[in-house]
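For reference, the structure discussed in these notes is given below.
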Amino acid sequence: MQSKQCNPTAPANKIISKWRTFVALNDRVKNMNTILPLISQLHSPFMQDRHWKKLMRVTQQHIEHTSPKFCLEDLIKLHLYKYADEVTEIVDGAAKESKIETKVGVISRTWDDLKFTFIEKGDTYELGALDTIIELVEGQSLELMTMLAQKEVEEFKENVSKWQKTLKTVDAVVEIWVKVQKNWSRLNPIFLASEDIRGQLPEDTKRFEKVDIEWKELMRDAVENSGVVDACTAEGREEQLNGFNSDIETCEKALNAYLEEKKKVFPRFYFLSN
1063 MQSKQCNPTA
1073 PANKIISKWR
1083 TFVALNDRVK
1093 NMNTILPLIS
1103 QLHSPFMQDR
1113 HWKKLMRVTQ
1123 QHIEHTSPKF
1133 CLEDLIKLHL
1143 YKYADEVTEI
1153 VDGAAKESKI
1163 ETKVGVISRT
1173 WDDLKFTFIE
1183 KGDTYELGAL
1193 DTIIELVEGQ
1203 SLELMTMLAQ
1213 KEVEEFKENV
1223 SKWQKTLKTV
1233 DAVVEIWVKV
1243 QKNWSRLNPI
1253 FLASEDIRGQ
1263 LPEDTKRFEK
1273 VDIEWKELMR
1283 DAVENSGVVD
1293 ACTAEGREEQ
1303 LNGFNSDIET
1313 CEKALNAYLE
1323 EKKKVFPRFY
1333 FLSN
C-alpha cells in the first residue's frame, strides 16, 4: 500500500499565523496594499493647498506637504487606509475643480480678445457680423450653467456666476442693439429725408432726430471701445438702447397711423407695403 504523504509545514503555518508578530506584520502588508495606490493618487498635479487642508481635516493630522523634508514616511504615518474613500473623493474633486478653473479661464480669455466689427454707413457705423458672438454666448452660457450645477464649483462660484451674468447682459444688449439698428436704418430716410412726413408728423420727427443724434454718438463710442463685453456692459448702455427702441416704436406707430389715413383717401395704397 502507498502511504499518504503529509505536509510537515501545514501545522507550523497554522501556529505561525497566530503569532502576534505575524498578525501585525500581515496587517501592515495589507494596509500598505491600500496605502500605496492612495499615495499615488495624492501625487496628482491637481492637488492644491485647499485640498491638502481637506485631507488634514479628514485625518486630523498636520501635513507639511510643502516642506523639503516631506517624504513617504510622513504619508504612511497618516494611516490612509482608514480614509480610502475620503482620499479618493478629495483627489477626484481636485481634478474636477481643475477642469472648471480651466474652462472659466478659457471663457475669460475669449471675451478679453473678442471685439465687435463695424460697417461704415454714411456718417455713422453699423454692427457687422454677429454670428460668432451669438454662438459663443449660447454655448458658453450652457457651460456655465452646467458648472454651477456641480458641487466642485464652490471654489469658483463667484467667478462663474459673474460670467453667467455678464453673458446674459451681452445677449440682451446685442439683441436690442440689432433691433434698434434695423429699425433706425429703415426709418431714417423716412423721418429725415421725407418732407411730407416731417411736415405731417413734426413731434415724431423731432423724437426721431433726437434718437438719430444719440444713436450716432453711441456708435462712435462703440467703435472706439469695440470690446464686446466693455461695449455691452458700459454704464447705461442697455437702458439707452431700450430708450431708443421705445422712441422708434412710438415714431413708427405714428407713421403707420398716418399711412392708414392716406390709404382711406387713396385705396390703391392698400396694395403697397408701408
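Mapping to my numbering: the sequence shown position 176 is 1238, numbers consecutive.
Ideal Cβ positions, reconstructed from N, Cα and C, are used throughout, including at glycine.
Just so you know, these numbers come straight off a predicted model, no measurement behind them.
I'd like to confirm the pairing. Which residues does DSSP put opposite residue i in its beta bridges?
i, result
"I1181", "E1188"
"G1289", "K1177"
To the nearest angstrom, report how far apart residue i and residue j are at their CA atoms.
i, j, result
"D1274", "E1286", "19 Å"
"R1171", "V1199", "14 Å"
"W1246", "T1179", "19 Å"
"L1280", "E1265", "23 Å"
"M1040", "G1289", "Nothing in the structure corresponds to residue 1040, since the chain is present only between 1063 and 1336."
"Y1130", "R1299", "Looking at the sequence shown, residue 1130 is not Tyr but Pro. C-alpha separation (whole angstroms): 54 Å."
"F1218", "K1272", "45 Å"
"K1325", "E1297", "44 Å"
"E1322", "F1306", "24 Å"
"D1136", "V1166", "35 Å"
Our contact map puts residue i next to residue j with C-beta atoms below 8 Å; I'd like the distance itself, whole angstroms only.
i, j, result
"V1153", "Q1103", "4 Å"
"T1228", "V1291", "6 Å"
Restricting to Cα atoms, I'd like to know which of the options is closest to residue i.
i, options, result
"Q1342", "I1259, L1249, E1163", "Outside the displayed span of the chain (1063 to 1336) sits residue 1342, for which this structure offers no information."
"D1309", "W1114, F1270, E1301", "F1270"
"W1210", "E1182, A1234, K1244, E1159", "Here residue 1210 is Leu; the residue named in the question, Trp, does not match the sequence. Comparing Cα-Cα distances from L1210 to each of E1182, A1234, K1244, E1159, the minimum goes to E1159."
"A1284", "E1197, I1196, K1177, A1319", "K1177"
"A1197", "D1233, E1182, K1165", "A quick correction: the sequence has Glu, not Ala, at residue 1197. Looking at the Cα atoms, D1233 is the closest of the given residues."
Less than 8 Å between the beta carbons of residue i and residue j, yes or no?
i, j, result
"L1204", "V1236", "no"
"V1242", "L1303", "yes"
"T1096", "Y1143", "yes"
"L1100", "A1156", "no"
"L1249", "E1314", "yes"
"T1186", "K1244", "no"
"H1124", "W1114", "no"
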